[in-house]
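Before any comments, here is the structure.
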Amino acid sequence: MTTMLNKLSPSITRMIRMDHTHVLATFHRFTADTPADRKQAIVNTVCLALEIHAQLEEEIFYPALRSVATDEAVLAKSKPEHDEMRRLIGELRSLQPGDAAFDSTFQQLMRDVMHHVADEETVLLPAAERLLKDRLGELGAQMTKRRLQLAAPHTGEIASNTARAMPASTMVMAAGGLLAGGLLLKKALELRRH
Ligand SMILES: [Fe+2]
Ligand SMILES: [Fe+2]
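Numbered according to my numbering, the sequence shown spans residues 12 to 205.
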């Protein structure tokens, strides 16, 4: 099982980048005129994704990096930045989309997240790819295993928030994308046959 997970899991740095992309893409659905129910679903999705992501980094990624790079200033401020993020998430959960502070608190959270993600993607991930080169796959598998445990109690919530966070037009686009992908795959297979 572990060996299979090692083979199937993306490397830890690829997985961290994918998480960042998912959070930012979800945030991009949030505009001033987004309906309240969708705003709430977007915020719920982002908050839970950030909490799980931060815990995974603190349990697996940061300790692994710390064991090979002790003097990394960016690494030292990462945990306090997660704590500040958790504080803002707590604040957001006490607010409703109609409240005056709802949008600005979410935007403040995302501004912090973008700075934090920029540091991780331009300093910590490249450092890990240099210093932990041989362990990236194994650490990715560890992260996948732990992610499944952390997400398990929230699966229903994640599915309903994801559906509510997505406007109908995006669903059509996503379906269109899948269709286009399918057609491309079919074309590629046909080309291989000739
Ligand atoms: Fe982080
Ligand atoms: Fe991160």
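Quick reminder that beta carbons are idealized off the backbone N, C-alpha and C, glycines included.
Exposure label - residue i; buried when at least 16 CB within 10 Å
| i | result |
| --- | --- |
| D30 | buried |
| K144 | exposed |
| Q5 | This structure leaves residue 5 out entirely; the chain is present only between 12 and 205. |
| S171 | exposed |
| V79 | exposed |
| A36 | exposed |
| A112 | exposed |
| L19 | exposed |
Cβ-Cβ separation, residue j to residue i (assumed contact under 8 Å), whole Å
| i | j | result |
| --- | --- | --- |
| H165 | L59 | 6 Å |
| A231 | R146 | Here the chain has residues from 12 to 205 only, and residue 231 is not among them. |
| M96 | A65 | 7 Å |
| M154 | I71 | 5 Å |
| Y73 | L61 | With a Cβ gap of about 15 Å, Y73 and L61 do not count as contacting. |
| T24 | L142 | Not a contact, Cβ separation roughly 11 Å. |
| F117 | V34 | Actually they are not in contact, since the Cβ atoms of F117 and V34 sit about 12 Å apart, beyond 8 Å. |
Cut-off 7 Å between Cβ atoms - residues of its own chain near residue i, not counting five sequence neighbours on either side
| i | result |
| --- | --- |
| T173 | T56 |
| R158 | I63, L67 |
| A207 | Because the chain here runs from 12 to 205, residue 207 falls outside it and cannot be looked at. |
| S89 | Y73 |
| S115 | none |
| M121 | F38 |
| V134 | V85 |
Cβ shell of residue i (< 8 Å), same chain only, five flanking positions each side left out
| i | result |
| --- | --- |
| T42 | none |
| I169 | T56, L59, A162 |
| P178 | R40, R49 |
| M26 | S20, G151, M154, T155 |
| R28 | E132, L136 |
| Q8 | Only positions 12 to 205 of the chain appear in this structure, which leaves residue 8 out of reach. |
Residues near residue i in its chain [Cβ-Cβ closer than 6 Å; skip 5 each side]
| i | result |
| --- | --- |
| A47 | P108 |
| P21 | G151 |
| H93 | A65 |
Test: residue i CB closer than 8 Å to a CB of chain C
| i | result |
| --- | --- |
| H126 | No chain C appears in this structure, which consists of one protein chain only. |
Practice task
Spell out a yes or no on whether the stretch 101-111 and the stretch 130-137 are touching, meaning 3 or more CB-CB pairs, one atom from each, closer than 8 Å.
Solution key: In this structure the stretch 101-111 does not touch the stretch 130-137; the number of beta carbon pairs closer than 8 Å is below three.
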